Each structure stands twice: as structure tokens, then as C-alpha cells.
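Accompanying notes for the structure given below.
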Amino acid sequence: MSLRSPRFAALAISILLLLTLPAWVGNPYYINIASQILFWAVVALALNVLVGYAGLVSLGHAGLFGMAGYTAGLLLQAGHGHLVADIAAIVATLLTSAIFAILSLRSTGIGFLMITLALGQILWGIAYRWASLTNGDNGVNITTRPEFLGINLANASAFYYATLVVFGLAVISMAVFVRSPFGASVRGTRDQARRMNALGYNVWLIRFMAFLISGFWTGVAGLLFVYYNQFISPQVMALQTSAEVLLMVISGGTGTLLGPVVGAAIVVIMKNVVSAYIERWNLVLGVIFVAIISFMPEGLVPGTARLWRYGWHRLTSRKPSAGDKPGDRAQ
Amino acid sequence: MNLWLTLAVNSIALGGLLFLLSAGFSLIFGLMRIPNLMHGSFFMLGAYFGVTFLDRGMNFWLAAIASGFAMALIGAMVERFFLKRLSGQELPQVLLTLGFSFIIADLCLLIWTGDPWQPTTPAHLRGAVQAAGMFFPIYRLVIVGVAVVIAIALWLMVDWTRLGAMIRAGVDDAPIARMVGIKVSQLFTLIFALGAALAAFGGVMGAPYLSVYPGLDAEMLPLALIVVILGGTGSLLGALVGSFLIGFLYNFGQALFPDLAYVILFLPMVLVLVLRPQGLFGKVVP
Chain A
25 MSLRSPRFAA
35 LAISILLLLT
45 LPAWVGNPYY
55 INIASQILFW
65 AVVALALNVL
75 VGYAGLVSLG
85 HAGLFGMAGY
95 TAGLLLQAGH
105 GHLVADIAAI
115 VATLLTSAIF
125 AILSLRSTGI
135 GFLMITLALG
145 QILWGIAYRW
155 ASLTNGDNGV
165 NITTRPEFLG
175 INLANASAFY
185 YATLVVFGLA
195 VISMAVFVRS
205 PFGASVRGTR
215 DQARRMNALG
225 YNVWLIRFMA
235 FLISGFWTGV
245 AGLLFVYYNQ
255 FISPQVMALQ
265 TSAEVLLMVI
275 SGGTGTLLGP
285 VVGAAIVVIM
295 KNVVSAYIER
305 WNLVLGVIFV
315 AIISFMPEGL
325 VPGTARLWRY
335 GWHRLTSRKP
345 SAGDKPGDRA
355 Q
Chain B
302 MNLWLTLAVN
312 SIALGGLLFL
322 LSAGFSLIFG
332 LMRIPNLMHG
342 SFFMLGAYFG
352 VTFLDRGMNF
362 WLAAIASGFA
372 MALIGAMVER
382 FFLKRLSGQE
392 LPQVLLTLGF
402 SFIIADLCLL
412 IWTGDPWQPT
422 TPAHLRGAVQ
432 AAGMFFPIYR
442 LVIVGVAVVI
452 AIALWLMVDW
462 TRLGAMIRAG
472 VDDAPIARMV
482 GIKVSQLFTL
492 IFALGAALAA
502 FGGVMGAPYL
512 SVYPGLDAEM
522 LPLALIVVIL
532 GGTGSLLGAL
542 VGSFLIGFLY
552 NFGQALFPDL
562 AYVILFLPMV
572 LVLVLRPQGL
582 FGKVVP
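From first to last, the protein sequence lines are chains A and B. Using this note's numbering, the first residue of the first sequence is number 25, and each one after it goes up by one. Using this note's numbering, the first residue of the second sequence is number 302, and each one after it goes up by one.
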């Protein structure tokens, strides 16, 4: 990317906008929504490693997300320090991811999806039913956010910047991952698993490592989530959360670096706007899923562009060009 | 001793319900390769239909059958108008059925509110029979009886009738089956409708025992998944054995280790995945 290219300019402008966001937004409510978008974007990026690059669709990520949140929350409640709680949370999430990976990678395709779904639901069941440990439906409260380099994160803008730093690290690590030989081999296992195997690659190990990377960032985002809300309950680990994150990934476009980020912004903003007016977020979420699959199977961003072009053609010319019909699948 | 017996009877009854739920799931998943994540919703919506019919004073069996028919119609429409266009594309199918499950869950909450509905057990099925000095509640036995009858009927249909032969042919090699004049696409709609109807029927059968409440769908779906992973996809015998296994583990787990009942459910799944990934009665798919 050269310094004069439009992509570089767009990147520079977005970084500048993100860095100065608290100054031009002002209202803490909106700064908080920006923080939410950023940590959900981290989960979406993490899931995209599996969905987009490894071709493995997981519906169990809410379980991993909650694992990190609950481990940190319970340890903090037991009186441990932030550092101990955070490290333990990441270690616990990585171990859980490894178990998930070992079991679910017995299979690929639908089998993988079903197993991750079942495992995620079991973690939800533990959080919900093992009340003596997790306090059941009442959830876990934590009283304080950590201090970082002497800055107290209790304030909305301070928390935003902390989230932004984590988000930045996640994006950089994803960019490195995508360009690295390892990233190429992960894509290889997605497109030509047998050929990769014949070339001497250990397909299983590559997928396993991809799962761990995905689990790691999901855990980090889970920590941000629990610090942001200072509360976690089994509801976070329900299938609905996994589905929402999957929606973020596919709505932005799978297998792209910025797609999940855009998707996270769309879903979080939509959820906040819809919830402000009606109670039926689940209904809206379901309708969005059905509509995306039926009308824009390639993702919201490219799909909207295609429908827009199609509508524009219809307006400007009598005969729409054959390539722009809505029935034309981009895949 | 009595406690164990009660637990065993409850386990068998839950096993029967799980079979009604997972037989359809297993057929749809195993034969059509559609990961139907709205199967728990079929169960819950069917149960809500059933309690509504019962509330209007309909006969219990009539209500269960009517609910099954209503669900078959809904299932057939979903398959015909939405899933058919996505044949062979797993991810879109997953997302579509997931989307429908959210829509159904929210509509049920809207229509039937958040309070649980528990219809009374029909009068002629109340009470208990005495055998060998012990009492067995009739209703639980009826559930098991119905499940066994349906299991046998399904097995006869798939293995011994012309329709079953056509279904198996359509699954093994759809293009050739089409060439010899079998209408594969209609058959698949039929299977999907049948699966939906069985789940709804199971939902009504379970209503006096489990009650119907929001979130029932999300509780039943993983159970169906575990049963099918255990038994092997597409195998009716596997679904039957898996259902009773899970029925026992669930009830005994909840009685003995209430905190860990969910983890115990998951242990046989782990064992099967590690030792026999195709499931207890599954065929190895090349």
C-alpha cells in the first residue's frame, strides 16, 4: 500500500477518527456504544479466523466468551487481583478452546457446527444450572474496573481508549495472520484439505492452531465485556450471542479483514436502535437472518451495493444488465 | 428402591419424548443433510398449539394430531419456499433455520406470554397401574408406548415400503433417482414435514409433563443434537438408543449431581466422538 493510495488515506482517516472519537462524540452514552462496537468487533474478528479463513463455522463461541468473563468475574469476586484474574481467564479460555477444538475437529462442515453448538450450550448449562459456583441466573457482579498505567478505566473515555488499544492489537495480529505463511496454510486447509495433506501439511494441527487463535481473542473480548458491564450472566452464553457474532461476520463479508468490524458496528448499532423503540430484538434478528440469506447471500455490504446498482440500473435504463439481477449469486 | 424406580420410569418417559423429537431431526439431518436448527422450535411451537387446542376443550389425542398436522404444513412451507433454494449450501441453511428459530421464539413469547403453560393430564390417562407391588404412572407409560409404536412405524416405512425405498434411493443418488422417475424434491419436502410433525406431536405429548415455556426450544435442540451425535445421523435405531441413554443420564444426573447434570449429559458424547465419531449406529460416510 503506497502512501498516496486511497486505501491508505481511508485507513489514516479512520484511525484519526477512532483516536479522537471521545472528543467529537462527547456524550458518554455514545462513547460506550463505540466501546461495545470495538469489543464485539474483536469477537467477530476472532470468529472470522475460523469461519472466513479456515472454513469452519462455530456456533460455540458464546461459550468461550462467557468462559473468560466468568473466570475473571468469579476470581475477582473471590478477592484476587486483576492481573491474576485476567491471566487465569485467558488460560482457562485457551484450555476450553483446546478441548472444544479436539472434540469438534473430529468433524468438519455441519458436524463441526453441531458439535461446537452442543459444547457451547453445555457451557451455558453450567453457568445457568451450577448455581453454587456461578450464582445461576443472578450472574456475577464485579465492583471495580482495573487501573492501567495509573489511569482509572471507570470513566467512559478511558475505557474506550483501553478497548481501542486491544482492538488495534487484534486488527494488527489478524493482518499479520492473514499475510503469514500460517495464514496461507489455514486458507489452504479450507480450500483443498486433501491436497494440503498430500503436500505434507498437518491439516488437523493447522485447524487446531486456528481454533486457539480464535479462542484467545474471543477470551480477550470476553474480559473487556465483563469489565465493561461489570456484570455477567448466563444470558451472554446463550446460542443467541453466538448467532449474533456469526451475523456480524457474515453481514460484513466473511474472509475479509474489515468485514467483521463493519458487521459488528452494524449489529451493535441496530440492536441499540431497535431496542430503544421495541422489545422485539429477537424477531428483528431472525428476520434479518432470513432476509440476508434469501436476498443477499454474499453479505450485507456487498449485497447492498449490488441491490443498489440493480435499482440504479432500473431507474436509469429500461433494460437492466443481466449480471445485476438479484437472483444472480455472487458466490 | 422406590426412588430408583421412579427415576427409571421418568427416564424412560423422557427417552420416549426425546425419540419423538430426534427421530425427525435425525432423518432430516441424515437423509437430507440439512442442519435444522429450528427443530427445537417445532417442538415448542407444536406444544403451544397443543395447549391452545386443549384449552378450547379439544380431546388430547386430537389436539396432538392436529398440532402435528399444523406443524407439518409449516415445515413443508419453510422447506418449499426457503430451504429448497439453498440445497447443498450448509451455512446458509444453518443461518436460515437459526433465523426462523429466533422468529418463532419471539412470536411465541408475544402470543403465549412468558408464563409457563401446563395442561392437566387427560382424565383417562391419570393415575397409576400396580404391578409386582409397585405403582407406575400411566401417562409416562403411554408416552413410551407411543414412542415405540412410532419407532416401529418409521422403521417399517423406511425399510419396507415403496416410499421408503424411494427415499433411500433419493438420498443415495439423487440424479439417478430423478432419472428413473422418482420426484426427489417432493420426497424431501415430505420428510421435512414429517420431522416437523413428529417434533410437534412430541411437544404436545410432553406438555403435561415438561410444561411449555419460553426457552423450551433452546433446551430441546441441544438434547436432539446430543442424541443424534450419539446414535449416528440418519439411523433410527441410533436415535432410539441415544434417546433412552440421554433420558436416563438426564434424570439420574439431575437426581444425583444436580449441579453437574449438564456436564454428565456431555460425557457420552465426548466418548463417542473420540472412540467412534460416526456415532453408535452411524455408517461411515466416505
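Ideal Cβ positions, reconstructed from N, Cα and C, are used throughout, including at glycine. Quantities reported herein were computed from a predicted structural model and do not represent experimental measurements.
Quick check: the Cα distance between residue i and residue j, rounded to an integer number of angstroms?
i: Leu247 (chain A); j: Ala92 (chain A); result: 6 Å
i: Gly504 (chain B); j: Leu538 (chain B); result: 21 Å
i: Pro344 (chain A); j: Arg381 (chain B); result: Reliability of the predicted coordinates at Pro344 (chain A) is poor, the pLDDT of 47 falling under 50, and the value obtained from them is presented with this limitation in mind. One C-alpha to the other measures close to 29 Å.
i: Asp348 (chain A); j: Ser29 (chain A); result: Residue placement at Asp348 (chain A) is poorly supported in this model, since its pLDDT is 46, which falls under 50; the coordinates still yield a value, given next. For Asp348 (chain A) and Ser29 (chain A), the distance between alpha carbons rounds to 29 Å.
i: Gly207 (chain A); j: Val573 (chain B); result: 32 Å
i: Ala346 (chain A); j: Val395 (chain B); result: Caution is warranted here: a pLDDT of 47 is assigned to Ala346 (chain A), below 50, making its placement in the model unreliable, and no coordinate value can be reported.
i: Ala151 (chain A); j: Gly496 (chain B); result: 31 Å
i: Val445 (chain B); j: Phe326 (chain B); result: 19 Å
i: Leu550 (chain B); j: Ala102 (chain A); result: 33 Å
i: Gly279 (chain A); j: Leu74 (chain A); result: 9 Å
i: Phe235 (chain A); j: Val314 (chain A); result: 28 Å
i: Phe350 (chain B); j: Ser368 (chain B); result: 6 Å
i: Leu308 (chain B); j: Asn51 (chain A); result: 58 Å
i: Gly351 (chain A); j: Arg330 (chain A); result: In this prediction, Gly351 (chain A) has a pLDDT of 45, which is less than 50 and means its spatial position is unreliable; what the coordinates show is noted afterwards. Rounded to the nearest angstrom, the two C-alpha atoms are 11 Å apart.
i: Arg353 (chain A); j: Asn176 (chain A); result: Per-residue confidence for Arg353 (chain A) stands at a pLDDT of 43, beneath the threshold of 50, marking its modelled position as unreliable; no derived number is given.
i: Leu557 (chain B); j: Trp305 (chain B); result: 11 Å
i: Ala70 (chain A); j: Ala86 (chain A); result: 12 Å
i: Val49 (chain A); j: Gly212 (chain A); result: 43 Å
i: Ala365 (chain B); j: Val447 (chain B); result: 12 Å
i: Val164 (chain A); j: Leu118 (chain A); result: 21 Å
i: Val310 (chain B); j: Gly583 (chain B); result: 28 Å
i: Ile312 (chain A); j: Gly400 (chain B); result: 8 Å
i: Arg31 (chain A); j: Ile39 (chain A); result: 12 Å
i: Leu263 (chain A); j: Pro569 (chain B); result: 22 Å
i: Pro578 (chain B); j: Ala314 (chain B); result: 27 Å
May I ask which residues mark the beginning and end of the alpha helix (DSSP H) holding residue i?
i: Ser38 (chain A); result: Pro30 to Leu43
i: Asn306 (chain A); result: Trp305 to Phe319
i: Trp154 (chain A); result: Segment: none, Trp154 (chain A) is in no alpha helix (DSSP H) and carries neither H nor E.
i: Met198 (chain A); result: Ala180 to Arg203
i: Tyr514 (chain B); result: Element bounds for Tyr514 (chain B): n/a, residue is neither H nor E.
i: Met91 (chain A); result: His85 to Gln101
i: Tyr551 (chain B); result: Leu537 to Leu557
i: Ala289 (chain A); result: Gly283 to Tyr301
i: Tyr440 (chain B); result: Ile439 to Trp461
i: Met272 (chain A); result: Leu263 to Gly276
i: Gln60 (chain A); result: Pro52 to Asn72
i: Leu80 (chain A); result: Neither: Leu80 (chain A) is in no alpha helix (DSSP H) and is coded neither H nor E.
i: Ala373 (chain B); result: Phe361 to Val379
i: Asp356 (chain B); result: His340 to Asp356
i: Tyr252 (chain A); result: Val227 to Asn253
i: Gly105 (chain A); result: Looking at the DSSP string, Gly105 (chain A) is not in any alpha helix (DSSP H), and its letter there is neither H nor E.
i: Ala406 (chain B); result: Glu391 to Trp413
i: Phe567 (chain B); result: Ala562 to Leu576
i: Ala424 (chain B); result: Neither: Ala424 (chain B) is in no alpha helix (DSSP H) and is coded neither H nor E.
i: Leu177 (chain A); result: Counting along the chain, Leu177 (chain A) falls outside any alpha helix (DSSP H), and DSSP gives it neither H nor E.
i: Trp305 (chain B); result: Asn303 to Met333
My understanding is that residue i touches residue j, with C-beta atoms under 8 Å, so please give their C-beta distance in whole angstroms.
i: Phe545 (chain B); j: Gly316 (chain B); result: 4 Å
i: Gly465 (chain B); j: Ile483 (chain B); result: Wrong, their Cβ atoms sit about 12 Å apart, outside the cutoff.
i: Gly516 (chain B); j: Ala348 (chain B); result: Gly516 (chain B) to Ala348 (chain B), Cβ: 12 Å. No contact.
i: Thr362 (chain A); j: Leu62 (chain A); result: The structure shown has nothing for residue 362 (chain A), since chain A only spans 25 to 355.
i: Gln254 (chain A); j: Ile166 (chain A); result: 5 Å
i: Ala475 (chain B); j: Val485 (chain B); result: 5 Å
i: Ala540 (chain B); j: Phe320 (chain B); result: 6 Å
i: Leu143 (chain A); j: Ser121 (chain A); result: No, Leu143 (chain A) and Ser121 (chain A) are not in contact; Cβ-Cβ is about 10 Å, not under 8 Å.
i: Val227 (chain A); j: Ala78 (chain A); result: About 10 Å; that fails the 8 Å criterion.
i: Asp407 (chain B); j: Asn306 (chain A); result: 4 Å
i: Phe343 (chain B); j: Met372 (chain B); result: 6 Å
| message | Three or more C-beta pairs under 8 Å: does that hold for the region 262-274 of chain A against the region 289-299 of chain A? | response | Taking 8 Å as the limit for Cβ pairs, the verdict is that the region 289-299 of chain A does touch the region 262-274 of chain A.
In the region 333-354 of chain B, which residues sit with their C-beta less than 9 Å from some C-beta in chain A, listed in chain order?
-> So the list reads Arg334, Ile335, Pro336 and Leu338, given in the order they occur along the chain.
Check: When Cβ atoms are compared, which residues of the region 510-530 of chain B fall closer than 7 Å to chain A?
Finding: When C-beta distances to chain A are compared with 7 Å, the residues of the region 510-530 of chain B below that value are Ala519, Pro523, Leu526, Ile527 and Ile530, in chain order.
Chain A contacts from the region 556-579 of chain B (Cβ-Cβ distance under 8 Å):
From the region 556-579 of chain B, only Pro559, Asp560, Leu561, Ala562, Tyr563, Val564, Leu566, Phe567, Met570, Val571, Leu574, Val575 and Pro578 have a Cβ closer than 8 Å to chain A.
With a threshold of 8 Å, are at least 3 pairs of Cβ atoms found where one atom belongs to the region 411-420 of chain B and the other to the region 525-533 of chain B? Of all C-beta pairs linking the region 411-420 of chain B to the region 525-533 of chain B, fewer than three are shorter than 8 Å, placing the two stretches out of contact.
Q: Answer yes if the region 53-65 of chain A comes into contact with the region 213-231 of chain A, meaning at least three C-beta pairs across the two stretches below 8 Å, and no otherwise.
A: These segments do not touch.
Query - Contact between the region 81-95 of chain A and the region 238-252 of chain A (3+ Cβ pairs under 8 Å) - result: Verdict: yes, contact present.
request  = Tell me, please, whether the region 133-151 of chain A touches the region 559-567 of chain B by the rule of three or more beta-carbon pairs shorter than 8 Å.
outcome  = By the Cβ rule, the region 133-151 of chain A counts as touching the region 559-567 of chain B, because three or more pairs are nearer than 8 Å.
- Item | Contact list for the region 68-101 of chain A against chain B, Cβ threshold 7 Å | Against chain B - using a Cβ distance shorter than 7 Å - the residues of the region 68-101 of chain A are Val81.
### Message
Does the structure place the region 383-398 of chain B close enough to the region 330-337 of chain B that three or more beta carbon pairs sit under 8 Å?
### Response
Touching, yes.
Exercise for review: Could you list the residues in the region 309-320 of chain A with a C-beta less than 9 Å from some C-beta on chain B, going in chain order?
Suggested key: Within the region 309-320 of chain A, the qualifying residues are Leu309, Gly310, Val311, Ile312, Phe313, Val314, Ala315, Ile316, Ile317 and Ser318.
Check: Are three or more beta carbon pairs between the region 120-135 of chain A and the region 295-309 of chain A nearer than 8 Å?
Finding: Not touching, per the Cβ criterion.
*asked:* At a CB distance below 7 Å, what residues from the region 123-137 of chain A approach chain B? Give them in sequence order.
replied: Listed by position, the residues of the region 123-137 of chain A near chain B (Cβ gap below 7 Å) are Leu127, Arg130, Ser131, Gly133, Ile134 and Leu137.
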